[in-house]
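Everything in the sequence shown is counted per this note's numbering, starting at 1 for the first residue and increasing by one.
For every residue, glycine included, the Cβ atom is placed at its ideal position computed from N, Cα and C.
Okay, so here's the structure we're looking at.
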Amino acid sequence: GGFTEEQETLVKQSWESMKLNVPELSLRFFSTILEIAPAAKGMFSFLKDSDEIPHNNPKLKAHAIKVFKMTCEAAIQLREKGEVVISENTLKNLGSVHLKKGVIGPHFEVVKEALLRTIKEAMGEQYSEEMEKAWSEAYDQLAAAIKAEMKEEA
Ligand code: HEM
Ligand code: ISQ
C-alpha cells in the first residue's frame, strides 16, 4: 500500500519530539538492541574494552540518531516518491560498514524491534498503533535498501 500523508506526519512529528532528548533516546535504543540480542555486543566498537554501555559516547549517539533520522527521511521519500532513495555514497558506505561488521538479515529485525520499543517508551501517551505502523513501514523500506547493497557488495 502507499505511504500516506498522515503516516509521514506521524513519523515527522514524533521524531521532532523525540530529538529533544537525544542522549536518553540513543542510550535506550542501543541498550534495547543489546537486551534483545546480547551477542551483538561484540560488533560495536563502543563496547570494545568494557561490558558497560558508555553513557556519553559521541559515536554511539551519532550513529543511533542517524538510524532515527534516516528512517524519518525514508518516510518523507515514501510519501513523496513512493520509494526510498539514498545517495550512492551513503548507501555504499552503509553497505560496506555493516557487511564488515558481520551484520546479517535477522539483525535487522532486532534493530527494528528495538527502534519501535524505544519510540513507544519515548512517546508515552502520544504513541499509537498508526504511529508504530508508519515507522515500521519506513524502516522496512530503508532496511531493504541497505540489505540489497550488502548483497551487492558481498
Ligand atoms: C554502523 C545506520 C542497521 C550494526 C552504522 C552507522 C550508521 C548505521 C549510520 C555508521 C556508519 C559509519 O561508521 O560510517 C544503520 C541503519 C540501519 C542499521 C540506518 C537500518 C535501517 C544495523 C543492524 C545492525 C547494525 C541491523 C546489527 C545489529 C552496526 C554496527 C556498526 C553500524 C556494528 C558499526 C558501529 C561502530 O562500531 O562504529 N549503522 N544501521 N546496524 N551499525 Fe548500523
Ligand atoms: C548502528 N546501527 C544500527 C543501530 C545502532 C544503534 C546505536 C548505535 C549504532 C547503531
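Supposed close pair residue i, residue j - CB separation, criterion 8 angstroms
i	j	result
Phe29	Thr118	4 angstroms
Leu116	Ala74	The pair is not a contact, with the Cβ atoms about 15 angstroms apart (cut-off 8 angstroms).
Lys48	Val22	Actually they are not in contact, since the Cβ atoms of Lys48 and Val22 sit about 23 angstroms apart, beyond 8 angstroms.
Leu91	Ala145	7 angstroms
Ile33	Ala40	6 angstroms
Cys156	Val111	Any question about residue 156 goes unanswered here, given that the chain covers just 1 to 154.
Gly2	Gly82	7 angstroms
Residue i classed as buried or exposed, judged by whether at least 16 other C-beta atoms fall within 10 angstroms
i	result
Val85	exposed
Ser128	exposed
Gln7	buried
Ile104	exposed
Gln126	exposed
Ala134	buried
Val97	exposed
Ala122	buried
Test item: CB-CB of residue i and residue j under 8 angstroms
i	j	result
Met150	Gly95	yes
Ala114	Ile36	yes
Ile155	Ser31	Here the chain comprises residues numbered 1 to 154, so residue 155 is not present and cannot be evaluated.
Met131	Ser14	yes
His55	Leu25	no
Lys69	Phe108	no
Arg79	Glu152	no
beta-carbon residue i near the ligand ISQ non-hydrogen atom, thresh 7 angstroms
i	result
Val67	yes
Ala64	yes
Ile146	no
Ile119	no
Leu60	yes
Val22	no
Phe29	yes
Val111	yes
Residue i Cβ short of 7 angstroms to the ligand HEM heavy atom set
i	result
His98	yes
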